[in-house]
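To keep things clear, I will list the structure first and then write my remarks on it.
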Amino acid sequence: MKRFTSTALLAALAVSPVASAHTASDTLLPSLWGGMIHPLLGLDHLLILVSMGMLAHFQASSSNKKSTSLYLTKLSVVLFAMVAGLFLGHQFGVFAMMETVIVMSLFVPAAALFLRYEQTSISLLLSVVALAGVAVHGWAHGVELAGASIWGFGLGMLGGSALAFVVGSYLARLLPKTFVALAVSGSGLLILLAA
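Note that the numbering used here has the sequence shown beginning at 496, numbered continuously upward.
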């Protein structure tokens, strides 16, 4: 059953469209439902959120602290970064090299997954950089929603992002860390080549 579940989840990731989601399109509906499904429709969205969920799981399970509270704290921080980016992008608009930062941010969680979590300072640094990548993802969507109300979309995006994060945590229990790191970095490379 575990093999079937992990295969089904990986297949869902594989059929998700490649990242060209950061341009205004018909799929970006400024509504609760549009916000909920948007993080699940682009491979870049899924990769950054699922890999952050995996990172949170691995870091929480290797910590001496209570893993549940550490995991929930990491989930809250990731979601806050995404929503903060959404509102900042809506307020301030596009910045140079935004798309490049988004694609490059996909490699940061992969690098963190390759590391051993005893290297706390490096792991912490990569986690902070990955959070910045999540914020830039949110920023891009705030830019796309200029002129529209972002409250419904923002709440929906919060829910869809939390779902992807939790799926990442679940996958981290089923798959070897090295395989996950290779899959995330390989997918990031494909997105980079397709962009």
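We put the beta carbon where it would ideally sit given N, CA and C, even for glycine. These figures come from a predicted structure and were not determined experimentally.
| Check | Outcome |
| --- | --- |
| C-beta atoms of residue 686 and residue 538 nearer than 8 Å | yes |
| Length-filtered (4 minimum) alpha helix (DSSP H) runs lying within the segment 550–594 | 562–587 |
| Which of helix, strand or coil DSSP assigns to residue 601 | coil |
| Among 648, 668, 689, 639, the one whose alpha carbon lies nearest that of residue 587 | 639 |
| Alpha carbon of residue 578 to alpha carbon of residue 664, nearest angstrom | 20 Å |
| Contacts around residue 563, its chain only, beta-carbon distance under 8 Å, and the 5 residues preceding and following it disregarded | 555 |
| Through-space distance from residue 654 to residue 571, alpha-carbon basis | 12 Å |
| Beta-carbon spacing of residue 531, residue 637 below 8 Å | no |
| Which listed residue (676, 595, 643) has its alpha carbon closest to that of residue 545 | 676 |
| Residue from 589, 657, 547 with nearest C-alpha to residue 618 | 547 |
| Element boundaries [alpha helix (DSSP H), containing residue 527] | 527–536 |
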